[in-house]
Amino acid sequence: MSRRWGMVIDLDRCTGCEACVVACSAENNIATAGESQAAKGRAIHWIRVERSWEGEFPNVRVRFRPVPCQQCDAAPCEPVCPTYASYHNAEGLNAQVYNRCIGTRYCANACPYTGRFFNWFQPSWDKPLQLQLNPDVSIREAGVMEKCTFCYQRALVAESQAEAEKRPLRDGEVSPACVQSCPSGAMVFGDLNDPASAVSRLAGLDRGVKLLEEVGTFPKITYLARES
Amino acid sequence: MNAIYGLFPDTDSARRAVKALGEVSRRLRFQPRQIVVVSQEPLDDREMGLPRQHTWMPWIAACGGIVGGTAGYALAAFTQRTYPLPTGGMPVVALWPASVVTYEFTMLGAILTTIVAFLATARLPRYGQRVYDAAVSDGMILVGVADSDVNAWRDLEETLYEQGAERVRQFSTA
Amino acid sequence: MIFLAALLVAGLGVLGMALVKADTRGAPGSVAGESTPAAASGLSSGVFTPAHRTLLEAMEDYFDYFPTPVQPIAFNHKIHIAKGMKCLSCHAGAALGPQAGIPSVTFCMACHQVIATNNPEIQKLASYAAEGREVPWQPVNWFYPAAHVRFWHAPHIRAGVDCTTCHGNVSQQTVAVRQSDLNMHFCLSCHREKEVSVDCATCHD
Amino acid sequence: MTTRERQRLEAAPQDRDRLTRDLLRPVLHTSPRIYLTMMALGAFVLAGLVAFVYQAYWGMGVSGLNRPVFWGFYITNFVFWIGISHAGTLISAILRLANARWRRPVTRCAEAITVFALVIGASFPIIHLGRPWLFFWLIPYPSERGIWPNFRSPLLWDFCAITTYLTGSLAFLLLPIIPDWATLRDRAIGWRKKLYRVLALGWRGTPREWHRLEMAMRIMAVVIIPVAVSVHTIVSWDFAMVPVPMWHSTVFGPYFVAGAIFSGIAALIIAMALLRKILHLEEYLKPIHFDHLGKLLLVMSLLWVYFIVAERLTVWYGNATPEVAVLLATQRGKFLPLFWTMVCCNFLIPFPILAIKRLRTITGTVIASSTIVVGMWLERFLIVVPSLEFKYLPFSWGNYRPSWVEITITLATFAAMPLLYLLFVKFVPIISMWELKGGEHPEPAAAAELAPGHEASDPWEGTLPSAGS
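Residue numbers (the numbering used here), protein chains in the order written: chain A, 1 to 228; chain B, 229 to 402; chain C, 403 to 607; chain D, 608 to 1076.
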């Protein structure tokens, strides 16, 4: 049985430290946009931490919600792409093929989570910062869409390694940069098709909710609602 | 190819000329279908006493539509099966989206066959010399006989003038 | 007429200009002028972008043209293989990871300290070694960055794909030559035949 | 020349072909003012091309687009121009099928608008691409990659529909020009004669040719109407197919088609009024034509109000949070001025002008049409942008402001339309000569249906200039 990657994010544990955002940028060669471009809404961050306030002063509480691509089962971004740059792969990912993308930006409009990003200009790095780029992840170019891949390059490496060692992939062996870097362990990643995996058990909890479930996208990210 | 024709200023005289030519056709040994009529605006066949025109064009267009629609569906289905990529929880060949493509290709097929059928049945384009007179574009109506016996030309000229031709011309290609 | 001519010129202009992706730092409204600490301290020697450097390079990429590289040393594959060396003897990375790799100059000199030292090509090699520089070998089999291809040698070697399948019979070549187009059809037809993954994300990401 | 011939010639009315002369004058003679106008328009078009090259070179970042407003002016213009293209073919096809005699001087103006608006509209999806040099990946062709376009994408439906519509509209425009080109072939001299000789395809005007032409046009009219309806429906589905608040609506298909015809007729009225003035066609394009198109416009204006009420009332009453956010932003929030300008332009101003018979003059209809064109552009803008700015998660709400690049390209297309039109008018008689002449004679079939007394009061009697007047 093929894998179906999924994630659980425990909102009770999220402290809003944004380590996931930084780790993601480093892992996935995400270029910085610069101050003026970020002000225009052109910054790229495959995962963002949404912040909201609850209550009246002085009893105010800040709430955080990390939002990466929700890797929907019925993703609105996929059928609208005229060139199959956005499609569904066998492991349940909403993959984005950069070299197939012609930049209609239709997928970005279709995404209810605003989880897709466009390269408005050529990405660039001041030298020698290019030396820290991840060789396993391609550098996008101007005019193409990009989005969270669940760090699929890591899954491929792990699978290749497991295959070389002639053993099955272990639960927890693969984890995206955001999950790996989360200090409070709010994020758990794994195979939803494996009933024994940590992510399957957590996703089945009563606290589990999906973001914008009413839109009917069947996301593979489950949020564990706050109890506190 | 040779021809003799008269140029008529109005429909009435042209109609009379067609009728008169029909009457003298047996005597001057030519077939009624050798009568040539050329005008700058459409004339009513029945009114002119010409044989009724008939064409299969609507049916050809319908067939073209069916062919186009089939091709459209085949294209949509075939191309998605060759590299089956599931998208958005849809089946690989999804009926509703494919029907939109099929519809458009049906219409495209009908349009293209209509254009081709028009050109083929109206025998266009053809740039060679044919019975024609630039005076037609001044509003004259050309009525004449093509490929008739040269000996009958004198009689034909007389007939055409009698029916009100402004000019009678002879036309021949070597 | 003038309009059509203008359209034509503009069309060609777009095709040409658009392909050379200029350095973003000059782009209007972009990060131009926002000096970074690195730039201020003189550490930075410019900007790295995936843009094409020249119009020619952009056109070559667009039309899938791969110019034949000129190697600094006319390395002779045929002799080495005839003497019993294997591909993996030098390109050891192929069995282990993504890149096949090219041996460093010290690796070459391990033998060529003594072997064929009179050969002018070997003397070139020796001079690189003496200067402590690597030989600037030019890549033969490569993809344009816009292809966004991730190719790993290791899984292919593990699956028993022979080097010659993609690289041709190098044992008969002196300087290595690009043997196949290495286009998507080339990869896919083999993947289909062997019934392995044809998922886009396996190679493109 | 025989004596008989001379007698005939002398008896012929001198003025028999005044109509042909009148209608060929704009084709065969061009005043310096026209050249100047063309150059001015050409300068705008050139500026647009420069802006496009600039954008393609640096990237889409030079536009005002951002996250989450990924579509802005370009898609607005796309929908707007495809809408304008419904002027012609649809109207002239309906009138042709209905055998409305007053259509004759109007059809070709309308069909030309269709073709040019379609070409301009279809270029916008390419202009707005992130990598426009790869636009041909939308075309289904076999390639070494083994990947074809995704026929499930509404953009591919757009591609199919626009291709079909453009082919059909071109045929619909060009086929009935052939006989007029034949006339030009006989009249023109020099290089023009050679050009028209090729274009006329050797047309003579035999009963067979006429019959096939009329049959082809009848088939095309039947085919083109459903195609035109499908084109704008599919354009609306670009929006309605995705779950974006206020886009995901079943009413969008008919709403867009109605809006398209609405703006199309308005554009046609403006074009006709301009042609009438510039080419001195007062005798052919008469107040009665504007009156009738004005009535059509009135109906479409009412239909537009009906649709906007149907769309907005259901959203407001349904009270789904994401949709209401967009609704309120449009009607009461930051888009308030644009929204109410649109309502004024599309209904409050044109309605009284078009409804009151005394105001439905040429000037009146042109004023109404101008406001409608503006209003319909705003309508398209208000469909595209607010929904994207206020999409589901408030954390990602955004703001859109067009840049000079977008504005220049938009202006360039508004200049390209009259430029293409002027060029067209210089190669083709803008009023179909043979159809107009055909109208001089009562059609036997039509005449038989009319009662003898009825024929005298035929309202279209006066629509053609009488010979010799």
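Beta carbons are placed, not taken as given, at the ideal position from N, Cα and C, and that holds for glycine.
With the criterion set as a beta carbon lying under 8 Å from some beta carbon of chain C, the members of the stretch 135-162 of chain A are P135, D136, V137, S138, I139, R140, E141, A142, T149, Y152, Q153, L156, S160, in sequence order. When the Cα atoms are used, A19(A) and L745(D) turn out to be separated by approximately 40 Å.
In the three-state reduction of the DSSP assignment, W125(A) falls in the strand class, which pools E and B. Secondary structure of G34(A) (DSSP, three-state): coil. As the crow flies, the alpha-carbon of A927(D) is around 54 Å from that of Y891(D). Look at the beta carbons and you see the stretch 40-57 of chain A touching the stretch 10-27 of chain A: at least three pairs across the two are nearer than 8 Å.
Shown here, E163(A) sits in a helix according to DSSP, grouped into three states.
In the DSSP assignment, Y1028(D) falls within the alpha helix (DSSP H) that extends over 1011-1032. Under the three-state reduction of DSSP output, W53(A) falls in the strand class. Annotation: Y999(D) is outside any beta strand (DSSP E) and is labelled neither H nor E by DSSP.
Residue range 221-224 is occupied by the beta strand (DSSP E) that includes T222(A).
Straight-line measurement puts the Cα of P112(A) at about 29 Å from the Cα of G172(A). Note that the C-beta distance between A823(D) and M285(B) is below 8 Å. Below the 8 Å Cβ cutoff, chain A contributes no neighbours of C513(C), its closest Cβ being approximately 30 Å away. Residue pairing from DSSP places Q398(B) in a beta bridge opposite I232(B). For R594(C), same chain residues with a beta-carbon under 7 Å away, outside a window of 5 residues either side, are V600 in chain order. Between the C-alpha atoms of P1009(D) and G570(C) there is a straight-line separation of about 54 Å. Taking the Cα of L303(B) as reference, the smallest distance to any Cα among T239(B), Q259(B), Y360(B), V328(B) is reached at V328(B).
Taking the beta carbon of G103(A) as reference, the chain D residues within 9 Å of it are M667, H735, L736, G737, R738, P739, L741, listed in sequence order. Ranked by how close their Cα comes to the Cα of V179(A), the residues F57(A), V199(A), Q37(A) have V199(A) in first place. When Cβ pairs closer than 8 Å are counted between the two stretches, the stretch 678-692 of chain D is seen to touch the stretch 979-986 of chain D, the count reaching three or more. Think of a sphere of 9 Å around the beta carbon of A75(A): the chain B residues whose beta carbon falls inside it are T315, G316, G317, in chain order. Between G812(D) and V371(B), the beta carbon gap of about 12 Å keeps them out of contact (Cβ cut-off 8 Å). Among the CB atoms of chain D, none fall inside 8 Å of the CB of W53(A). Per the coordinates, the alpha-carbon of H454(C) lies some 13 Å from the alpha-carbon of S124(A). Distance from the Cα of P814(D) is smallest, within the candidate group G296(B), H282(B), F258(B), R254(B), for H282(B). In this structure, the CA atom of R711(D) is about 14 Å from the CA atom of P894(D). For R628(D), the uninterrupted alpha helix (DSSP H) segment begins and ends at 625-635.
Within the stretch 888-938 of chain D, the complete alpha helix (DSSP H) segments of 4 residues or longer fall at 894-925, 928-938, listed in chain order. Rounded to the nearest angstrom, the gap between the Cα atoms of F723(D) and K998(D) is 34 Å.
Under DSSP, the beta-bridge partners assigned to I369(B) are F236(B). By DSSP's assignment, Q96(A) forms a beta bridge with S86(A). In the DSSP assignment, P66(A) falls within the beta strand (DSSP E) that extends over 61-67.
Taking CB atoms only, N673(D) has a neighbour in chain A less than 8 Å away. Under the three-state reduction of DSSP, H493(C) is assigned to coil, being neither helix nor strand. For F1021(D), the closest alpha carbon among the candidates G753(D), I727(D), I796(D) is that of I727(D).
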